[in-house]
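Numbers given in the numbering used here equal positions in the sequence shown, counted from 1, plus 176. Even glycine gets a Cβ: it sits at the ideal position worked out from N, Cα and C. None of the values given here were measured: they were computed from a predicted structure. Below is one structure; the comments refer to it alone.
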Amino acid sequence: MPAIQMPSVELMFLIGRAVFLLFSFVLATMAFVRCRRAIQAQTELVLANHTVVLQRLADLEARVDATNVTVSQLGDRIGKPQHVTSAAPVATPGYQIAIRLAKSGAKREELISSCGLSASEAELVQRLHGPQTKSAARRGRDAA
């Protein structure tokens, strides 16, 4: 039976180098494929975001156009004079009566029932035209 010869050290290094290069090539290929997939996913994400941004810009452009139309319509309305019947509001007879009654010291309920004012209107007329109480007169003197 022939004796088995051991491979030489140089042959072992050559085989080791070949295995190492093959392993390195497979590892580099896997890294390249993963990198390429990650870049593709990022590109798809950027394109999706780009589409959303373009849609929002189109919506903003439509809003700006609508606003421009509204502003031009308002400019046209401002440019055309409108007929104004009265510059200053005229007090109705009910208010004039309420003012006279408030000056004479009428209560809020009396103003509501006799002049047809709402509760807040009667209170306002009473505050503006009614006789001042002592505390209100004192506050007026203190402020002056």
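Check                                                                                                      : Outcome
Segment limits, alpha helix (DSSP H) that includes G331                                                    : Missing from the structure shown is residue 331; the chain here goes from 177 to 320 and no further.
Reduced DSSP secondary structure (H/G/I, E/B, other) of A320                                               : Summary for A320: the model assigns pLDDT 49, below 50, so the residue's position carries little reliability; its value from the coordinates is reported in the next sentence. DSSP places A320 in coil when its eight states are reduced to three.
Three-state class that DSSP yields for L293 in the structure shown                                         : coil
A242 in three-state terms, based on DSSP                                                                   : helix
Q302, buried or exposed, once every other Cβ within 10 Å from all chains shown has been counted against 16 : buried
Simplified DSSP assignment, three categories, for A282                                                     : coil
CB of A274 within 8 Å of CB of L293, strictly                                                              : yes
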